[in-house]
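K.L.:
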Amino acid sequence: MGLPAHWPSQLKTLVGLMLNAPQPMFAVWGPEQRMFYNDGYAEILGGHHPALDQPFLDVWSEIRSDLEPIMARAYAGEPIYMDDIELTMRRHGHDEETHFSFFYAPVRGDQGEVLGVFCACTEITQEVKARRERTAELDRLREMFTSSPSFVAVLRGPDHRFELTNPAYLRLIAQRDVIGMPVRAALPELEGQGFFELLDTVYRTGETHSGRAARVSLVAEPGTELEERVVDFIYQPMRGADGKVNGIFVEGVDVTEVVTQAQVLRESEEKFRSFAQLAPNHMWTSPADGQLDWFNEQTLRYSGMDMAALCGTGWATLVHPDDLARAKSTWAAALRSGKNYEVEFRIRRADGVYRWHLVRALPVRNTGGAIVRWVGTNTDIEDQRADRDKLRAINATLERRVDERTRERERMWTNSPDLMAMIDEHGSFVDVNPAWKCALGWDREQVVGRRIDALIHPQDHARTEDALARATVGVLPTFECRVLHADGSHRIVAWTAAPDGKTVFAFGRDITADRER
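In our numbering, each residue's number is its place in the sequence shown (first place is 1) plus 346.
1. Could you spell out the range, first to last residue, of the alpha helix (DSSP H) harbouring Trp677?
2. Could you check what DSSP says for His836 in three-state terms: helix, strand or coil?
3. Report all residues from its chain with a CB closer than 7 Å to the CB of Arg861; omit the five preceding and five following residues, and keep chain order.
4. If you drop the 5 nearest sequence neighbours on each side, which residues of the same chain put their C-beta closer than 8 Å to that of Asp441?
5. Using only alpha-carbon positions, find the residue among Ala566, Ala559, Gly552, Glu414 that is nearest to Pro583.
6. May I have a chain-ordered list of the alpha helix (DSSP H) segments no shorter than 4 residues that lie completely inside the region 732-767?
7. Apply the 10 Å Cβ neighbour rule to Glu567 and answer buried if 16 or more other Cβ atoms are within range, or exposed otherwise.
8. Counting only runs that start and end within the region 518-560, where is the alpha helix (DSSP H) found for 4 or more residues in a row?
9. Report the residue from Ser494, His803, Ala843, Tyr648 whose alpha carbon sits nearest the alpha carbon of Leu822.
10. With a threshold of 16 other CB atoms inside 10 Å of the CB of Val819, please say whether the residue is buried or exposed.
11. Could you tell me which residues DSSP pairs with Ile717 in its beta bridges?
12. For a quick check, are the C-beta atoms of Asp770 and Thr858 less than 8 Å apart?
13. Is the beta carbon of Val576 sitting closer than 8 Å to the one on Val548?
14. Between the region 782-789 and the region 803-815, do three or more beta carbon pairs fall short of 8 Å?
15. Tell me, which residues are paired with Ala852 by DSSP?
16. Would you report the Cα separation of Val361 and Gly439, rounded to the nearest angstrom?
17. Tell me, to the nearest whole angstrom, how far the beta carbon of Glu597 is from that of Val498; I am working on the premise that it is less than 8 Å.
18. Skipping 5 residues on each side, what residues in its chain have a beta carbon closer than 7 Å to that of Met428?
19. Please give me, in chain order, every unbroken run of the beta strand (DSSP E) with length at least 3 that falls completely inside the region 595-667.
20. Just to confirm, is the Cβ distance from Gly557 to Asp578 under 8 Å?
21. Starting from Trp375, trace the beta strand (DSSP E) both ways and give me its first and last residue.
22. Would you mind stating whether Ile431 and Tyr450 have Cβ atoms separated by less than 8 Å?
23. How big is the Cα-Cα spacing for Glu537 and Met527?
24. First and last residue of the alpha helix (DSSP H) that includes Arg861?
25. I'd like to check one pair, Thr723 with Met629: are the Cβ atoms closer than 8 Å?
26. Please name the residue, chosen from Ile717, Thr631, Ala813, that lies closest to Asn642 on a Cα-to-Cα basis.
27. Can you list, in chain order, the stretches of the alpha helix (DSSP H) that have 4 or more residues and sit fully within the region 354-415?
28. Which of the three DSSP states, helix, strand or coil, is assigned to Trp702?
29. Alpha carbon to alpha carbon, how far is Trp661 from Phe595? Give it in angstroms, no decimals.
30. Would you report the Cα separation of Glu443 and Pro396, rounded to the nearest angstrom?
31. Comparing alpha-carbon positions, which option in Leu403, Ala373, Gly569, Phe542 lies nearest Cys465?
32. Report the three-state DSSP secondary structure of Asp430 (helix, strand or coil).
33. Could you tell me which of Gln792, Phe691, Val405 sits nearest to Arg701, measuring between CA atoms?
34. Go through its chain and collect everything with a Cβ distance to Ile416's Cβ below 7 Å, but skip five positions before and after it.
35. Please report how far the alpha carbon of His352 lies from the alpha carbon of Ala388, in whole angstroms.
36. Run the CB neighbour count on Thr713, radius 10 Å, all protein chains shown included, and call it buried at 16 or more, exposed below.
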């Protein structure tokens, strides 16, 4: 551009204006669009500074496509104003989002021709980002306001006009359109219930008011009778820049169902406790944590202790020391698993005597399946245990006697010189004693499984079968028959038979020598 002395007067004027201005400014001059700028714009250039007398579009090569149309319009004589243009610049070695407001003004010569372009600009990047963050925060707050399960409303002015309501509040007031209306006109059914007066007091004093389980009668559906609801709520004063109250923030929760369920539960517990007082057994209850909180009168009378002494873990003082660890561990396991509690242990009576009890407890669950309470009973089983112990002793005695008789029979079976045999319903030998070897020469294995007619003389078959048949129906026959000896001879045996179910026991004695005398 040469020395300033040779510059056109318009350029001199622009440069003088820019150098004395605190606002970032630059000028683009001539057909080559060479840059002139002040210190304020040098900060915007960042790493592109110094760029004096350089072609404007070359300096801003990374945003050339954004700037070319603007410069073309300005050089065509069109003034251009933008309050926010977004540009991705590379001023500090990396791409960054930037925002500017600017005014491009064509600079004309004496003949009206466009000699260059002057631009006064302001970087508003931080303002835009802050505004964007505020907008995002407002969107989040609006979403929270809309989706909040609590009912929320904003009232303005001394007459409490509705400014905002969320969906939960609209559900509470039957979807009535109340925006802009004073609360007394919007919800006339509240007259006489004290809420208007509370709002007036909060607005006047600037003090917060909160209410719990407050009962309010509202129109549930247009044209219907009032319906009572129960709410927890807060009236929070809102202040303006001058510190004065200019509105009230209303927030609350409809707890009608919770209160109703609690009332039903209380009534149910009262009925249960009335019934429990009539029960002959000890009865008690515990919340889900296992700390017992109630006992019926039978328990108190038996123990000689009052309710306060037994509650929590006080009941453990009544348990026999030898049984306490088992009682506690079983209770802890039931609390962990949610399964029924059942255990036997001794409980001390008021006179110091311990008696055995069967202790049981069942969990009570809510609709979601969670345990909310345990209900337990203690049943005195001292007498039953005594009877059971006696029965066990009797059974043990009987078993001992049976064992003795069995051993005695085994000794007799083994040592008797008489013949013994067990015969099944088909007439086959089931077992024989060792005397068969001594008296008849037969090993047990040679006899068991054979039919009796294989060892009985053919002429004695009928007599033997008749005797065994009579034995099976309860008759105790005695008979004689000839039995085959292992050496091929026959021995005369006198038998007595007795039934045992479908089996016949036969006892025989060799009388051959007697018959031969």
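For each residue, glycine too, the CB sits at the ideal point set by N, CA and C. Just so we're clear, the structure is a prediction, and the values are computed from it rather than from any experiment.
P.N.:
Quick answer:
1. For Trp677, the enclosing alpha helix (DSSP H) covers residues 667-683.
2. If DSSP states are grouped into helix, strand and coil, His836 belongs with the strands.
3. Excluding sequence neighbours, Arg861 sits near Ile838.
4. Glu408, Thr434, Met435, listed in sequence order.
5. Measuring from the Cα of Pro583, the nearest candidate turns out to be Gly552.
6. DSSP runs (the alpha helix (DSSP H)) wholly in the region 732-767: none.
7. Classification for Glu567: exposed.
8. Those alpha helix (DSSP H) runs which fall completely within the region 518-560 and span 4+ residues are 529-532, 541-551.
9. Per the Cα distances, Ala843.
10. Counting the other CB atoms within 10 Å of its CB gives Val819 a total below 16, which places it among the exposed residues.
11. For Ile717, which the question treats as bridged, DSSP gives the partners Arg711.
12. With contacts defined by Cβ atoms closer than 8 Å, Asp770 and Thr858 do not form a contacting pair.
13. Between Val576 and Val548, the gap from beta carbon to beta carbon reaches 8 Å or more.
14. A contact between stretches requires three or more CB pairs, one per stretch, nearer than 8 Å, and the region 782-789 fails this requirement with the region 803-815.
15. Looking at the DSSP assignment, Ala852 forms a beta bridge with Ala767, Ala843.
16. Rounded to the nearest angstrom, the gap between the Cα atoms of Val361 and Gly439 is 29 Å.
17. Contact holds; Cβ gap of about 5 Å.
18. Here the set comprises Ser447, Phe448.
19. Qualifying beta strand (DSSP E) stretches, in chain order: 628-633.
20. Cβ atoms of Gly557 and Asp578: closer than 8 Å.
21. Note, Trp375: beta strand (DSSP E), 371-375.
22. No, the Cβ-Cβ distance between Ile431 and Tyr450 is not below 8 Å.
23. If you take the alpha carbons of Glu537 and Met527, they lie about 15 Å apart.
24. Counting along the chain, the unbroken alpha helix (DSSP H) around Arg861 starts and ends at 858-862.
25. The answer is yes: Cβ separation under 8 Å.
26. Nearest option by C-alpha distance: Thr631.
27. Runs found: 355-365, 385-391, 402-405.
28. In the structure shown, Trp702 falls within a strand segment according to DSSP collapsed to helix, strand and coil.
29. For Phe595 and Trp661, the distance between alpha carbons rounds to 50 Å.
30. For Glu443 and Pro396, the distance between alpha carbons rounds to 22 Å.
31. Nearest option by C-alpha distance: Ala373.
32. In this structure, Asp430 counts as strand in the three-state DSSP scheme.
33. Arg701 has its Cα closest to that of Phe691, out of Gln792, Phe691, Val405.
34. The beta carbon of Ile416 sits closer than 7 Å to the beta carbons of Ile426, Tyr450 from its chain, once the five residues preceding and following it are set aside; these are given in chain order.
35. Taking the straight line from one Cα to the other gives about 25 Å.
36. With fewer than 16 other Cβ atoms within 10 Å, it is exposed.
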